[in-house]
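Protein chains in written order, with the numbering used here: chain U, 1 to 226; chain H, 1001 to 1248. Ideal Cβ positions, reconstructed from N, Cα and C, are used throughout, including at glycine. Computed from a predicted model, the values in this text were never measured in an experiment.
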């Protein structure tokens, strides 16, 4: 008898416990609001374009004292083509206005650096001089575009790369391997993200000893995020 | 008698003026060239003044320990330097962060260099067209050479390109009259005299003269004086050289 009473009490206690737990089970399945912190990283990206002859009044000026008026060669077209100085006279200085515009789009808040250098020295082709190349560093210069620029405005020399030219004479760019362009070839630094552009004029200084020939070179721009 | 003397004097003045004007008329500018030097002024090493406080005195215990070590460096206990158990960068475990980069299509540049018809009379051979200069005085020996020749007597003159005695925008280093140019020249074949470049425009100054059929080529030494007030940066100096010849 005593045993039966004990069993009944246990049964009641279990029943009460079950009844009291039902509301809690119902509440557990309902929607609840809260906050969560999610950390994620957006990888930096950089896109860039270079447009030769980027403004309608592009082309060479200068040649003071040479007795001839410079004019852009046939390979120069608005918004593309070649930075073609045309016929120039040995021993004189020229300015090529609106030679190239570099545009960069990046989300990198640290900004970027633009390098510009020659894939090779100047290559003589018609007729082929001896030696066939001429030092770029003392011949072709760059400066930021300005209406006030002249053939005698302060300008920095383009350097010949220490990387490996890709394609014919660097027509496909420069391979720097695990390295990067020389700091001396830096032409532009931008401190933040955005969609920005900068135009450049080129200067040509033809020393009296450069051979008479057709010369060409590829100028390669490399943009690297900070 | 007095009237005759005046007449003779007037005749003499007229004759002299005629000779001078004829001499001027016979001079002609055969050719001219600009010589451009790119100058990079490096940042100023000008000394700065300031107060540096003396370092705090070492604690007495450290001084005593140092004195004991100096007196008997091999006394025990043995001491071994230890930088702690953690590596700043564990061997082989460094993290290399790649920088994003891009290389747009290269820009082709070309030109056709034609012979200079005046090169037989005047040309410049640059040796150091780009120079680095610190503050103060720097000499650039034989920065360039100039060749001159003509079939008659001639003179080579120079002045800072773009300068004018009546006023022009001054640019470092040649500036403009009446400021004295910071760039000077010497022809060591002729003289050791250092002459600041003329910056009054034409007629400029005589660099050298030549006899009939005389070809000559000489070095030009440059001396650049960068004042402390000049900001570091990139500059150009352009000098115009002119070959004036006496016409037959």
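If you follow the beta strand (DSSP E) that residue i is part of, which residue opens it and which one closes it?
i	result
residue 1109/H	1107-1114
residue 1136/H	1136-1148
residue 144/U	140-144
residue 152/U	Taken as a continuous stretch (DSSP letters only), residue 152/U belongs to no beta strand (DSSP E), as it is neither H nor E.
residue 37/U	Note, residue 37/U: premise wrong, no beta strand (DSSP E); not H, not E.
residue 1039/H	1027-1041
residue 205/U	194-205
residue 121/U	Segment: none, residue 121/U is in no beta strand (DSSP E) and carries neither H nor E.
residue 1220/H	1216-1226
residue 173/U	173-175
residue 47/U	46-52
Assuming residue i is part of the alpha helix (DSSP H), what are its boundary residues?
i	result
residue 113/U	Residue 113/U -> not in any alpha helix (DSSP H); beta strand (DSSP E) instead, spanning 112-118.
residue 1068/H	1060-1071
Taking C-beta pairs closer than 9 Å, name the residues in chain U that residue i reaches, listed in chain order.
i	result
residue 1124/H	91, 207 and 208
residue 1150/H	By Cβ distance, chain U contributes nothing, its closest Cβ being about 16 Å from residue 1150/H, past 9 Å.
Considering only C-alpha positions, which residue in the set the options is nearest to residue i?
i	options	result
residue 188/U	129/U, 221/U, 97/U and 39/U	221/U
residue 215/U	100/U, 66/U and 120/U	120/U
residue 206/U	1035/H, 1030/H, 1031/H and 1027/H	1035/H
residue 1123/H	1111/H, 1146/H and 1104/H	1146/H
residue 191/U	152/U, 105/U and 65/U	105/U
residue 1170/H	1189/H, 1199/H and 1158/H	1199/H
residue 1205/H	1230/H, 1167/H, 1226/H and 1244/H	1244/H
residue 967/H	88/U, 96/U, 142/U and 94/U	Nothing in the structure corresponds to residue 967/H, since chain H is present only between 1001 and 1248.
residue 64/U	1057/H, 1032/H and 1194/H	1032/H
residue 1172/H	1197/H, 1203/H, 1236/H and 1099/H	1236/H
residue 1176/H	1184/H, 1163/H, 1214/H and 1186/H	1163/H
residue 1233/H	1040/H, 1186/H and 1028/H	1040/H
residue 1105/H	96/U, 148/U and 173/U	173/U
Please state if the CB of residue j and the CB of residue i are separated by a distance shorter than 9 Å.
i	j	result
residue 1108/H	residue 42/U	no
residue 203/U	residue 143/U	yes
residue 217/U	residue 170/U	yes
residue 83/U	residue 99/U	yes
residue 141/U	residue 1038/H	yes
residue 1250/H	residue 1151/H	Given a span of 1001 to 1248 for chain H in the structure shown, any question on residue 1250/H remains unanswerable.
residue 1120/H	residue 213/U	no
residue 209/U	residue 1125/H	yes
residue 1195/H	residue 1241/H	no
residue 108/U	residue 1100/H	yes
residue 1210/H	residue 1216/H	yes
residue 1224/H	residue 1140/H	yes
residue 76/U	residue 62/U	no
In chain H, what lies closer than 9 Å to residue i by C-beta?
i	result
residue 73/U	1110, 1111 and 1112
Mind listing the chain U neighbours of residue i? Cutoff is C-beta to C-beta under 8 Å, in chain order.
i	result
residue 1161/H	152
residue 1116/H	66, 89, 90, 91, 92 and 208
residue 1156/H	Within chain U, no residue comes near residue 1156/H; the closest Cβ sits about 14 Å away, beyond 8 Å.
Using a Cβ cut-off of 7 Å, pull out every chain U residue sitting near residue i, in sequence order please.
i	result
residue 1099/H	224 and 225
In chain H, which residues lie less than 8 Å from residue i when you measure between Cβ atoms?
i	result
residue 86/U	1111 and 1112
The region 1118-1131 of chain H / the region 1166-1183 of chain H touching (three or more Cβ pairs under 8 Å): No, the region 1118-1131 of chain H does not touch the region 1166-1183 of chain H.
State whether the region 59-73 of chain U contacts the region 167-184 of chain U, with contact taken as three or more CB pairs (one from each stretch) at a distance under 8 Å. Verdict: no, contact absent.
Between the region 31-51 of chain U and the region 87-105 of chain U, are three or more C-beta pairs nearer than 8 Å? In short, these stretches touch, since the Cβ pair count reaches three.
Per the contact definition of three or more C-beta pairs closer than 8 Å, is the region 1223-1235 of chain H in contact with the region 1154-1161 of chain H? Under the three-pair Cβ rule at 8 Å, the region 1154-1161 of chain H does not count as touching the region 1223-1235 of chain H.
Does the region 151-159 of chain U come close enough to the region 125-140 of chain U that 3 or more CB-CB pairs lie under 8 Å? Judged by Cβ distances under 8 Å, the region 125-140 of chain U makes contact with the region 151-159 of chain U, as three or more pairs qualify.
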